[in-house]
Amino acid sequence: MTLRVLVTNDDGIAAPGIQALARAAAERGLDVVVAAPLEEASGTSAAMTAVERDGHVVVHEHPLPELPGVPAYAVGGSPGFIALIAVHGAFGPPPTVVLSGINRGANAGRAVLHSGTVGAAFTAAANGCRAMAVSLDVLSAGEATAASGGAAVAAAARVRDAERHWPTAARVALDLLPRLTAGPVESVLNVNAPDLPHNRLRGVRRGTLASFGQVQMTVAEAGHGFVRTSLEEPGQAVQPGTDLALLADGYASVTAIRAVTEVADVDLSGLGDG
Numbered sequence: 595m596t597l598r599v600l601v602t603n604d605d606g607i608a609a610p611g612i613q614a615l616a617r618a619a620a621e622r623g624l625d626v627v628v629a630a631p632l633e634e635a636s637g638t639s640a641a642m643t644a645v646e647r648d649g650h651v652v653v654h655e656h657p658l659p660e661l662p663g664v665p666a667y668a669v670g671g672s673p674g675f676i677a678l679i680a681v682h683g684a685f686g687p688p689p690t691v692v693l694s695g696i697n698r699g700a701n702a703g704r705a706v707l708h709s710g711t712v713g714a715a716f717t718a719a720a721n722g723c724r725a726m727a728v729s730l731d732v733l734s735a736g737e738a739t740a741a742s743g744g745a746a747v748a749a750a751a752r753v754r755d756a757e758r759h760w761p762t763a764a765r766v767a768l769d770l771l772p773r774l775t776a777g778p779v780e781s782v783l784n785v786n787a788p789d790l791p792h793n794r795l796r797g798v799r800r801g802t803l804a805s806f807g808q809v810q811m812t813v814a815e816a817g818h819g820f821v822r823t824s825l826e827e828p829g830q831a832v833q834p835g836t837d838l839a840l841l842a843d844g845y846a847s848v849t850a851i852r853a854v855t856e857v858a859d860v861d862l863s864g865l866g867d868g
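Residues in the sequence shown are numbered consecutively from 595, following our numbering.
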């Protein structure tokens, strides 16, 4: 039976990464449907937000020029919301797998908590659908910090999108699909690839989560009625074997992660069961 795949993202339906991932999945013979936010929804984690008109969530057909025959929808909702309604049949038969990405920028370290790309994958997995988050490391920490300084800088970064190696991340992700489908449904594979041609990729390695992301938010200024934030590079050195270290060394990194789980190492003795 052909695998049914939803491709979504948090960069929006017009982002180049989602087209590269959907195209790679279709070329592998998978049954692909695309549904992504109308506009960029980065940093939304697994938020359940949607735009309604007359009590209906906004959904527009949005054919992708390079993917004739692949149904695609622009949705007025967050990535997590899109993943949730997809597994309940909003875009045809529910998917067996959700592929979220390819994100513009790495989703690495514990900062994955805030990622809309990863949030969509977490939501799918929590609802019985295997899921993978896929990202391309298109920005160094310094460039990411600079891009936060204004819309013009961010727009300039997007102009270079045509030069990015989206097919590298897409190929790595699809090659990992058998491992995803063989694993437990509640786990997500978080995949990050360096922005390199596939023939220059040093390989694919299992990476542990770094204790921080590529950049960290700080409060730059707080005053009466306002707070101004900024992004800074972490002060710590990157630890060997982590996802960020592997990317820096030219490897693609894959990490198996799980969202909401109970833990047993907190002393709750003496309390009755709920």
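Beta carbons: idealized from backbone N, C-alpha and C, even for Gly. Predicted, not measured: the structure shown is a model, and the values here were computed from it.
In DSSP terms, what residue i is bridged to
{"i": "residue 652", "result": "According to DSSP, residue 652 bridges with nothing at all."}
{"i": "residue 817", "result": "820"}
{"i": "residue 783", "result": "726 and 850"}
C-beta atoms of residue i and residue j nearer than 9 Å
{"i": "residue 680", "j": "residue 709", "result": "no"}
{"i": "residue 846", "j": "residue 797", "result": "yes"}
{"i": "residue 725", "j": "residue 714", "result": "yes"}
{"i": "residue 609", "j": "residue 630", "result": "yes"}
{"i": "residue 730", "j": "residue 759", "result": "yes"}
{"i": "residue 787", "j": "residue 839", "result": "no"}
{"i": "residue 695", "j": "residue 620", "result": "no"}
{"i": "residue 633", "j": "residue 606", "result": "yes"}
{"i": "residue 597", "j": "residue 691", "result": "yes"}
{"i": "residue 698", "j": "residue 648", "result": "no"}
{"i": "residue 666", "j": "residue 706", "result": "no"}
Residue i in three-state terms, based on DSSP
{"i": "residue 607", "result": "coil"}
{"i": "residue 601", "result": "strand"}
{"i": "residue 706", "result": "helix"}
{"i": "residue 870", "result": "Outside the shown range of the chain (595 to 868) lies residue 870, about which nothing can therefore be said."}
{"i": "residue 744", "result": "Per-residue confidence for residue 744 stands at a pLDDT of 49, beneath the threshold of 50, marking its modelled position as unreliable; no derived number is given."}
{"i": "residue 713", "result": "helix"}
{"i": "residue 765", "result": "helix"}
{"i": "residue 857", "result": "coil"}
{"i": "residue 793", "result": "helix"}
{"i": "residue 838", "result": "helix"}
{"i": "residue 754", "result": "helix"}
Fully enclosed by the stretch 607 to 682, which beta strand (DSSP E) runs are 3 residues long or longer?
Correct list: 625 to 631, 653 to 655 and 666 to 669.
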